[in-house]
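Novice: One structure follows; several queries about it will come next.
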Amino acid sequence: MNKIAVALIDGYQQYISPRKGFSCAHRILYGDESCSQYIKRMFMEQDFLTAIQAARQRFKACKEANQTLKLQAVSLEKKSKKKQGSKFINCCGDVAEESCESVLPDCNDCDFPELDCGSCELDCSPNFDCCGS
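Below is the structure:
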């Protein structure tokens, strides 16, 4: 089973990962190996069930890293706008009132494609209003 898992991860790394448009959040945040590389190593070094458990833990840690990166990106965006003296913040490529700060949509995929932020299912057109008004 482990050899099959390693072969599948190799295929993912060679054919899918380079084309998906974003990188592993855990790797970006901590500067270590990507989740796929880590899990592949677990399948090479551990028994199948232990590797599966390690994969689950790593995906959980990667999700947390993703959330941290999103918060950092929003924080940097807010600081940038404050330095410019603007009362507006960037919201998925458009501007919105500061009251939106507390309810920013999950749009990092639009503004930060290099991060593994999932898909932005919101309308990112210039007419998009993050406050819903």
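So the sequence shown is numbered by the numbering used here: it starts at 3 and just counts up by one.
Even glycine gets a Cβ: it sits at the ideal position worked out from N, Cα and C.
So methionine 44 and alanine 27 are supposed to be a Cβ contact under 8 Å. How far apart are they, rounded?
Specialist: To locate residue 44, count along the sequence shown from 1; it is residue 42. To locate residue 27, count along the sequence shown from 1; it is residue 25. About 18 Å separates the two Cβ atoms, so there is no contact after all.
Novice: Taking the C-alpha atoms as reference points, what is the distance between threonine 70 and alanine 9?
Specialist: Stepping through the sequence shown from its first residue, residue 70 is reached at position 68. Stepping through the sequence shown from its first residue, residue 9 is reached at position 7. So the alpha carbons of these two residues sit roughly 31 Å apart.
Novice: Give the single residue among Ser77, Asp12 and Lys72 whose Cα lies nearest to the Cα of serine 36.
Specialist: Taking the first residue of the sequence shown as position 1, residue 36 is located at position 34. The shortest Cα separation from serine 36 among Ser77, Asp12 and Lys72 belongs to Asp12.
Novice: Does the separation of the CB atoms of leucine 31 and alanine 67 fall below 8 Å?
Specialist: Working through the sequence shown from its first residue, we reach residue 31 at position 29. Working through the sequence shown from its first residue, we reach residue 67 at position 65. Yes, the pair counts as a contact, with Cβ atoms nearer than the cut-off.
Novice: Taking just the CA atoms, how far does alanine 53 sit from isoleucine 41?
Specialist: The sequence position of residue 41 within the sequence shown is 39, counting from 1. The sequence position of residue 53 within the sequence shown is 51, counting from 1. Using only the alpha carbons, I get a separation of about 7 Å.
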